[in-house]
Each structure stands twice: as C-alpha cells, then as structure tokens.
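With positions in the sequence shown counted from 1, the corresponding number in this note's numbering is that position plus 188.
Since the structure comes first, as structure tokens, the remarks are kept for the end.
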Amino acid sequence: MESQLILTVNDMTEDCVEVLRQALTRINGVEKVILNVENSKIYIEFDDEKIGEQLIRETIEDEGYEVR
C-alpha cells in the first residue's frame, strides 16, 4: 500500500539534494522522492508493505543529515 511521508532535514543544501535522492531511491519500495531545499523538506512516496518510515529516516541519517 502506498504511503506518503514528509520529513524536515537540518542543513539541507543544493549540494546534498542529489546525494539524498540517490540514497533514497536505492531503497526497494521508495517510489517517488521530491526534495525542497528552500524549506528543507523531503517528500517521499513509498510502499509500506516493503519498507517503513524508520528505514527511510535511518538512510537519511546514514548520509550524515539530521531528521527533525
């Protein structure tokens, strides 16, 4: 089943957009990723039968970013 998640990431810059996009799209079950640097938000659509919110948060944190 498709779920949506909007996360705020501290200190997100234009440089990290592609890093985060690649990290998130590598996760099996992530279907769409939209990053907005202006408001530090990441919008993610994912299949909640394959993955959960915790894995998404951990993936962002593993790249060195803090999720609020």
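Yeah, the Cβ is synthetic: ideal placement off N, Cα and C, and Gly gets one too.
Exposed or buried, residue i, counting other C-beta atoms within 10 Å across all chains shown (16 or more means buried)?
{"i": "isoleucine 248", "result": "buried"}
{"i": "valine 218", "result": "buried"}
{"i": "methionine 200", "result": "buried"}
Given a cut-off of 8 Å, decide if residue j and residue i are closer than it, judged by their beta-carbon atoms.
{"i": "tyrosine 253", "j": "asparagine 198", "result": "yes"}
{"i": "lysine 229", "j": "isoleucine 194", "result": "yes"}
{"i": "arginine 209", "j": "leucine 223", "result": "yes"}
{"i": "leucine 212", "j": "isoleucine 244", "result": "yes"}
{"i": "glutamate 237", "j": "methionine 189", "result": "yes"}
Go through its chain and collect everything with a Cβ distance to residue i's Cβ below 7 Å, but skip five positions before and after it.
{"i": "valine 257", "result": "Here the chain covers residues 189 to 256 and nothing more, so residue 257 does not appear."}
{"i": "glutamate 241", "result": "Leu193"}
{"i": "arginine 256", "result": "Thr196, Asn198"}
Work out the CA separation of residue j and residue i for me, nearest whole Å.
{"i": "valine 205", "j": "glutamate 226", "result": "11 Å"}
{"i": "serine 191", "j": "aspartate 203", "result": "27 Å"}
{"i": "glutamate 246", "j": "aspartate 235", "result": "17 Å"}
In chain order, what residues of the same chain lie with their CB nearer than 6 Å to the CB of residue i, ignoring the 5 residues before and after it?
{"i": "tyrosine 231", "result": "Ile194, Ile222"}
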